[in-house]
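> Chains as they are written, first to last, in the numbering used here: chain A, 105 to 515; chain B, 105 to 515. Just so it is clear, CB atoms sit at the ideal spot from N, CA and C, and this is done for glycine as well. The structure under discussion is supplied below as structure tokens; questions concerning it will follow.
Protein chains: 2
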Amino acid sequence: MTRIHAKSCFFPLPQVLSTTSIRSNNRDKHQIAIRAIPVRTGLYTNANYDDDDQLELHTDENGYLTMAKKTSAAMKRPTMYDVAKLAGVSQPTVSRVLNENDTAVAISEETRSRVLAAIEKLGYRPNVLARSLRTQRTQTIALMIADISNGFYHPIARAVQDVARQRDYEVLISNSDHLYENERHFCQVVSRRPVDGVIMVPIHLTEHEIEDYFGKTQTPVSMLGSHLHMEGVDVVYVDDERATYEATRWMITERGYRDFGFIGVADDLPPGPRRFHGFRRAIDEFGLSFDQRFYVEGDFKMEGGAAAARTLLQSGALPRALFVCNDLMAIGAILTLQEAGVQVPDQVAVMGFDDIPEARIIRPMLTTIAQDPRDIGLKLASALFERLESETPIPTRIFESERRLVIRDSA
Amino acid sequence: MTRIHAKSCFFPLPQVLSTTSIRSNNRDKHQIAIRAIPVRTGLYTNANYDDDDQLELHTDENGYLTMAKKTSAAMKRPTMYDVAKLAGVSQPTVSRVLNENDTAVAISEETRSRVLAAIEKLGYRPNVLARSLRTQRTQTIALMIADISNGFYHPIARAVQDVARQRDYEVLISNSDHLYENERHFCQVVSRRPVDGVIMVPIHLTEHEIEDYFGKTQTPVSMLGSHLHMEGVDVVYVDDERATYEATRWMITERGYRDFGFIGVADDLPPGPRRFHGFRRAIDEFGLSFDQRFYVEGDFKMEGGAAAARTLLQSGALPRALFVCNDLMAIGAILTLQEAGVQVPDQVAVMGFDDIPEARIIRPMLTTIAQDPRDIGLKLASALFERLESETPIPTRIFESERRLVIRDSA
DNA sequence: TGTGGCTATGCATACGAATACATGCATTCG
DNA sequence: CGAATGCATGTATTCGTATGCATAGCCACA
């Protein structure tokens, strides 16, 4: 979309031609159309013409161009300036009407109503970009979750949105799919596109990287996960080490299982090792032995759980009880075991972690450790907004969100 | 955060004091601190001072203030101007180095490398707000889905993000939860915060409203749903009327069911009535009667399906086969029926619509009509980007996405 | 040696809104 | 009745970037 100033289209008066416009081989029709008409030196119209504009050309009695008006202007969004013109006031006055909180500046009732009428008539909407550029605030927070397909994160997203909307903030949701590359991409995007705050579930990101991306710009951050501790970053965590410990204990003491397997995840997915540690602690405490063959890794997804179960099946032997470090994998594992004719929980008991909606769909219903994702989301968002709204620096805070064992039928 | 220009803090020379600053009862320490030092008329520093800035004040031999320097400046993000200063070039030159595509403007290798080094050293990142304000493009598209908890939408979101990332666009995801209010809110947000394009799954929005929000600004839009037809708006649809028709036919001819129930949704949720229509067409075509008692409404969610099933159970009689207009409700219904001791499919057969992942978790596995949400997402995004990138207007296009009957165990 | 062209860069401005500062007028106060 | 004050508004500037236009230096050509 070439833009041409009317003045640069003038032909017979070289002094108003820029070198650029002489040299350009820009030969579009409007330039030619305007060229046919002489223009007085100094005539300058503020308008820009796009390639597909229809121009209406006015000339004076001597044949000089006096006005070139767009007849087919692609309707541009009205600005405060348009509103101001229509209301017969200045642009800042419009701004003041809109931002009543402007330090005690009064606007007369009459002006206010005229401005509001003009806004209404033009359908004016403030341009958030311009406002943000000026105020250095975007009224936007960014949320990065680890897996949009995992029902665990939905209530978190909802809760964050609820809190944000209440404060008139928008939420930019992003989904990392547990991939380091996506996490980094998120940080990059967010550090270029200023947001006022960040909530995230970092899996692979290191403290150093997070500091790198957000420390410099002082962007408030709150995160889910107990593996990171950073100055000035609020953390919400669930004590999953203890949760798996207690759940494993329960399986041992209440259900009498002694022969365990574990479906975990790679070491670079922090909650996995932590949960395994709690599991292992209980096993060791009871002096049970743990057969390394029964430790298999998945990827937090249903298919990963299914693959892990296939691995176990192929190994020939099965543990009596299987602790799976999240529900999605637990479900994948159960379905695979059942397909292979293995009875759950009679032959293999399965314990999950999260309590996502699907845990109540599968038969047998999944015994699992329930987290409270809505609570997590609310805590994350509240902490962030406290930071956003606080005048004074707030010391790092750590919030624990509760979890509890939900006993159903699978273990 | 009060900002004070150094010049307005001058005390002994009234002529440089603004009326505002004389009158204001702003008595913060920095104003006072600077006031103690005389300033020559005309001295003006470009810097703004925040309340918590530490100032380093320099005076000349006569005791006049010559310089006020921030010592504790909260590190601001560097701008092109900072880069330019460091590299010893002008700001536009930096801009040109960054945007190599700038119409054939050449930059010498030496300058380029100096600029790049400065960028590296300062950790400069372009400010997307400023860029967008200038270019009128945001490199962002907005996506509104109807229910983040419904697995049907996840592949759509992923596909849209995949396409967008490939073109270096960001995606703003929003979730309407099927609520009209949220849909309108989305439109308002998006029409204030300019995005380059919009993809949405409008449920309640009317063509008139959509035209109102996006028509004026010429924002390219593509939508999922066959109930809307708008000039210049691409639509992807699944022929769900026909899909339910065929599936119902199949239940009649292949399974021999004659006595049907239907769990639908309120008339203002368009896909519902459409699906009911296809269902009804098959029923009528085979001359079967349809007992109105067996038509119950839900809300597209699992709990809605459960509630609908409870209504049916309470009514005393049950149909032999139940067509549920989406999987989430179908699953809710099956679980409720099973809880009540009803055998699925032996007493009541259940057919769903969508084929979400949960359809394979529930037992019996859900017989359903599979849509291809990834395909839908790809089509939506491709259509949008074609429009975004096209120089010339593109006529309205309508894409059909395939669906197919997936026969499992529930019907 | 002047003219024109090219290369590499600088200068000025615009995007839309918020805000520091200025001002005209009416009011108040001594 | 003049000076200070407050109200309602206008003017100028700013945010960070992209870009239209200008220009300095060089080279080629006549």
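Quick one: complete alpha helix (DSSP H) runs, 4+ long, within the stretch 254-279 of chain A?
With a minimum length of 4 residues, the continuous alpha helix (DSSP H) runs that stay inside the stretch 254-279 of chain A are 257-270.
> Could you name the residues of chain B that H258(A) contacts, counting a contact when the two beta carbons are closer than 8 Å?
Translated into positions along the first sequence, residue 258(A) becomes position 154. Result: I252 and S253.
> When you check each C-beta in the stretch 446-466 of chain B against every C-beta of chain A, which residues fall closer than 8 Å?
The residues in question are P461, E462, R464, I465 and I466.
> Using DSSP bridges, identify the partner residues of F366(B).
Along the second sequence, one-based indexing puts residue 366(B) at 262. Answer is Y399(B) and F427(B).
> May I have the straight-line CA-CA distance separating S176(B) from R379(A), to the nearest angstrom?
Counting from 1 along the second sequence, the entry for residue 176(B) is found at position 72. Counting from 1 along the first sequence, the entry for residue 379(A) is found at position 275. Bear in mind that a pLDDT of 43 at S176(B), under 50, signals an unreliable position, so the number given afterwards is only what the model happens to contain. For S176(B) and R379(A), the distance between alpha carbons rounds to 44 Å.
> Mind pulling the chain A residues with CB within less than 9 Å of N231(B)?
If you number the second sequence from 1, residue 231(B) lands on position 127. Chain A residues near N231(B): L237, R296, R297 and P298.
> Could you round the C-beta distance between S326(B) and L488(B) to whole angstroms and report it? I think they count as a contact, below 8 Å.
Your numbering for residue 326(B) matches position 222 in the second sequence. Your numbering for residue 488(B) matches position 384 in the second sequence. The Cβ separation is near 5 Å, so the contact holds.
> Any C-beta of chain A sitting closer than 9 Å to the C-beta of V325(B)?
Looking up residue 325(B) in the second sequence gives position 221. Closer than 9 Å: no.
> For L439(B), name the three-state secondary structure that DSSP assigns.
Here residue 439(B) corresponds to residue number 335 of the second sequence, with the count starting at 1. Three-state DSSP puts L439(B) in a helix.
> Can you list the residues of chain B that A261(A) reaches, using a CB-CB cut of under 8 Å?
For the purposes of this step, residue 261(A) is identified with residue 157 of the first sequence, where counting begins at 1. Residues of chain B passing the Cβ test: I252 and N279.
> Which residues, in chain order, does the stretch 420-440 of chain A contribute to contact with chain B at a C-beta distance below 8 Å?
Here the close residues are I435 and L439.
> If you measure beta-carbon to beta-carbon, which residues of the stretch 339-369 of chain A are closer than 7 Å to chain B?
Listed by position, the residues of the stretch 339-369 of chain A near chain B (Cβ gap below 7 Å) amount to none.
> Does the beta-carbon distance from T471(A) to V446(A) come in below 9 Å?
Counting from one through the first sequence, the residue named residue 471(A) turns up at place 367. Counting from one through the first sequence, the residue named residue 446(A) turns up at place 342. In this structure, V446(A) does not lie closer than 9 Å to T471(A) by Cβ.
> Name the chain B residues that come within less than 8 Å of A234(A), Cβ to Cβ?
If you number the first sequence from 1, residue 234(A) lands on position 130. Those within 8 Å of A234(A) in chain B are L237.
> Cutting at 6 Å between CB atoms, please list the residues of its own chain near A250(A), excluding the five before and the five after it.
Sequence index remark: in the first sequence, residue 250(A) carries index 146 (1-based). For A250(A), where only same-chain residues beyond five positions count, the Cβ hits under 6 Å are S280, H282, V305 and I307.
> Could you pull out every residue in the same chain whose Cβ sits closer than 6 Å to the Cβ of L392(B), ignoring the five residues on either side in sequence?
On the second sequence, residue 392(B) is found 288 positions in, with the first residue counted as 1. Hits under 6 Å: R362.
> Within the same chain, show all residues whose beta-carbon is closer than 7 Å to that of E462(A), passing over the 5 residues directly before and after it, in chain order.
Counted from its first residue, the first sequence places residue 462(A) at position 358. For E462(A), where only same-chain residues beyond five positions count, the Cβ hits under 7 Å are G255, D431 and I435.
> Are the stretch 337-357 of chain B and the stretch 492-509 of chain B in contact at 8 Å, needing three or more beta carbon pairs?
Flag = yes, the stretch 337-357 of chain B and the stretch 492-509 of chain B touch.
> Around the Cβ of Q475(A), are there at least 16 other Cβ atoms within 10 angstroms (buried) or fewer (exposed)?
Mapped onto the first sequence, residue 475(A) falls at position 371. Under this definition Q475(A) is a buried residue.
> Comparing the C-beta of D289(B) with each C-beta of chain A, is any distance below 9 Å?
The sequence position of residue 289(B) within the second sequence is 185, counting from 1. According to the sequence provided, residue 289(B) is His. The question's Asp does not apply to it. For H289(B), the answer is yes, since a Cβ of chain A falls inside 9 Å of its Cβ.
> How many angstroms separate the CA atom of E315(B) from the CA atom of E335(B)?
For this step, residue 315(B) is matched to residue 211 along the second sequence. For this step, residue 335(B) is matched to residue 231 along the second sequence. Going from the Cα of E315(B) to the Cα of E335(B) covers about 9 Å.
> Assuming A410(B) and I367(B) are in contact, meaning their beta carbons sit under 8 Å apart, how far apart are those beta carbons, in whole angstroms?
The residue labelled residue 410(B) in the question sits at position 306 within the second sequence. The residue labelled residue 367(B) in the question sits at position 263 within the second sequence. Their Cβ separation, rounded to whole angstroms, is 10 Å, which puts A410(B) and I367(B) out of contact at 8 Å.
> Check for me: the beta strand (DSSP E) holding A413(B) runs from which residue to which?
Within the second sequence, the letter at position 309 stands for residue 413(B). Run containing A413(B): none in the beta strand (DSSP E); it sits in the alpha helix (DSSP H), M406 to Q418.
> Please classify F390(B): is it buried, with 16 or more other beta-carbons within 10 angstroms of its beta-carbon, or exposed?
For the purposes of this step, residue 390(B) is taken as the residue at position 286 of the second sequence. It is exposed - the Cβ of F390(B) has fewer than 16 other Cβ atoms within 10 Å.
> Should V293(B) be flagged as near chain A, meaning a C-beta pair shorter than 9 Å?
On the second sequence, position 189 is the one that residue 293(B) refers to. Output row for V293(B): interface = yes.
> For M334(A) and chain B, any beta-carbon pair shorter than 9 Å?
Locating residue 334(A) in the first sequence gives position 230, where the first residue counts as 1. No, no contact with chain B.
> Hey, A425(B) and A515(B): beta-carbon distance below 9 Å or not?
In the second sequence, the residue the question calls residue 425(B) occupies position 321. In the second sequence, the residue the question calls residue 515(B) occupies position 411. Yes; because the gap between Cβ atoms is below 9 Å, this pair is in contact.
> Mind checking if M184(B) is an interface residue toward chain A, Cβ cutoff 9 Å exclusive?
Along the second sequence, one-based indexing puts residue 184(B) at 80. So, not an interface residue.
> State the DSSP-derived secondary structure class of Y317(B), mapped to helix, strand or coil.
On the second sequence, position 213 is the one that residue 317(B) refers to. Y317(B) falls in the helix class under three-state DSSP.
> Is it the case that the Cβ atoms of Y228(B) and P182(B) are separated by a distance below 9 Å?
Translated into positions along the second sequence, residue 228(B) becomes position 124. Translated into positions along the second sequence, residue 182(B) becomes position 78. Yes, Cβ-Cβ distance for Y228(B) and P182(B) is below 9 Å.
> Short check: CB of L492(A) to CB of V267(A), under 9 Å?
Start at 1 with the first residue of the first sequence, and residue 492(A) comes out as number 388. Start at 1 with the first residue of the first sequence, and residue 267(A) comes out as number 163. No, these two residues do not count as a Cβ contact at 9 Å.
> Within this structure, are the beta carbons of T244(A) and L276(A) separated by less than 9 Å?
Stepping through the first sequence from its first residue, residue 244(A) is reached at position 140. Stepping through the first sequence from its first residue, residue 276(A) is reached at position 172. Going by C-beta atoms, T244(A) is nearer than 9 Å to L276(A).
> Can you check DSSP and say which residues form a bridge with R508(A)?
Stepping through the first sequence from its first residue, residue 508(A) is reached at position 404. BP columns for R508(A) point to A474(A).
> List, in chain order, every chain B residue whose beta-carbon is nearer than 7 Å to that of R181(A).
In the first sequence, the residue the question calls residue 181(A) occupies position 77. Result: T321.
> How many whole angstroms separate the CB atoms of A347(B) and G402(B), which I take to be in contact at a CB cut-off of 8 Å?
Your numbering for residue 347(B) matches position 243 in the second sequence. Your numbering for residue 402(B) matches position 298 in the second sequence. Their Cβ separation, rounded to whole angstroms, is 19 Å, which puts A347(B) and G402(B) out of contact at 8 Å.
> CB-CB under 6 Å to D513(A), same chain, minus the five flanking residues each way: which ones, in chain order?
Taking the first sequence and counting its residues from 1, the one referred to as residue 513(A) is at position 409. P468 and M469.
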